[in-house]
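Numbering (my numbering), first residue to last: 5 to 237. Just so you know, even glycine gets a beta-carbon here, dropped at the ideal spot from N, CA and C. All values derive from a computational prediction rather than experimental measurement.
Here it is as structure tokens:
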């Protein structure tokens with residue numbers, strides 16, 4: 005997660021889902037920002053939604069208005085949403101992340117120490133779950149949630165929600181492949197995936213089939229869908 009992208013359309017969806025999950029009984033959350041340094045790129049043109057209120061505002065009016073005001077004022081910082089009160093009851097894990105093993109280990113220890121103070125966990129990496137081509141310690145691995153971090157958090161027996169940038173491939177095959185990987189590493193886990201365009205959210209817990217309405221906000225159902233069944237069933 006980078007400050008430079010704060011408030012883009014993916015953030016709008018992310019914060020709206022967090023607000024819905026909190027109201028649906030999953031909160032309060034520990035939000036683990038996987039904060040990484042600026043990369044010198046532009047914001048990618050992902051602020052167009054703010055100019056289309058008729059298409060987007062109804063999904064979460066208070067959040068939309070807040071982000072439009074902050075972006076209009078030139079504010080691109082995660083601290084803005086932390087201080088807004090919009091993510092009710094949330095605690096935030098803020099330290100910047102580094103691929104350097106010792107620093108990453110220290111970062112993980114503080115994240116795990118904070119996990120006991122929340123009902124659920126939300127992890128917000130740049131890209132998503134660890135991939136084989138970028139193992140821990142390699143430059144770029146800071147953009148991913150490491151398996152070792154999930155294995156440290158799993159014993160808390162708390163639902164873990166993870167932001168995931170989706171690759172350009174068949175969604176069902178992607179879900180089945182990654183569900184197997186998750187199930188091998190997290191005993192008793194029943195992975196779910198909320199899919200929408202280029203992004204998704206993993207939900208990792210021990211509950212096989214929760215109510216769809218608790219996972220998918222009705223006002224986002226035209227853009228996202230839930231994938232529950234796993235290849236192991």
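Query, Result
"Less than 8 Å separating the beta-carbons of residue 96 and residue 35?", "yes"
"I'd like the list of long-range same chain contacts for residue 116, defined as Cβ closer than 6 Å, with 5 residues on each side in sequence excluded.", "156"
"Restricting to runs no shorter than 3 residues, where is the beta strand (DSSP E) found entirely within the stretch 154-213?", "164-169, 194-200 and 203-209"
"When the Cα atoms are used, what is the spatial distance from residue 227 to residue 28?", "19 Å"
"Does the Cβ-Cβ distance between residue 248 and residue 23 come in under 8 Å?", "Coverage of the chain is limited to positions 5 through 237, which leaves residue 248 absent and any answer about it impossible."
"Excluding the five sequence neighbours on either side, which residues of its own chain have a C-beta within less than 8 Å of the C-beta of residue 143, listed in chain order?", "103"
"So which of 134, 85 and 62 has the shortest CA-CA distance to residue 73?", "85"
"Just to confirm, is the Cβ distance from residue 127 to residue 148 under 8 Å?", "no"
"Straight-line CA distance for residue 204 to residue 17?", "10 Å"
"Evaluate residue 131 with the Cβ neighbour count: other Cβ atoms within 10 Å of its Cβ, from every protein chain shown; 16 or more gives buried, anything less gives exposed.", "buried"
"Assign residue 231 to one of three DSSP states: helix, strand, or coil.", "strand"
"Rounded to a whole number of angstroms, what is the C-alpha to C-alpha distance between residue 63 and residue 109?", "38 Å"
"Whose C-alpha, out of 77, 19, 152 and 113, is nearest the C-alpha of residue 94?", "19"
"What are the start and end residues of each continuous alpha helix (DSSP H) run of 4 or more residues lying completely inside the stretch 12-87, in chain order?", "13-27, 57-60 and 65-76"
"Sorted by chain position, which residues of the same chain lie with C-beta nearer than 8 Å to residue 40's C-beta, five sequence neighbours on each side aside?", "5, 6, 100, 101, 130, 146 and 147"
"So for residue 226, helix, strand or coil by DSSP?", "coil"
"At which residue ranges does the stretch 81-130 contain complete alpha helix (DSSP H) runs of 4 or more residues, listed in the order of the chain?", "82-88 and 105-118"
"What's the gap between the Cα of residue 61 and the Cα of residue 11?", "14 Å"
"Should residue 26 be labelled buried (16 or more other beta-carbon atoms within 10 Å of its own) or exposed?", "buried"
"With burial defined as no fewer than 16 other Cβ atoms inside 10 Å of the residue's Cβ, what is the status of residue 119: buried or exposed?", "buried"
"Can you check whether the CB of residue 57 is closer than 8 Å to the CB of residue 105?", "no"
"So, at 7 Å on beta carbons, what are the nonlocal neighbours of residue 88 in its own chain, with the 5 sequence-adjacent residues on each side left out?", "70"
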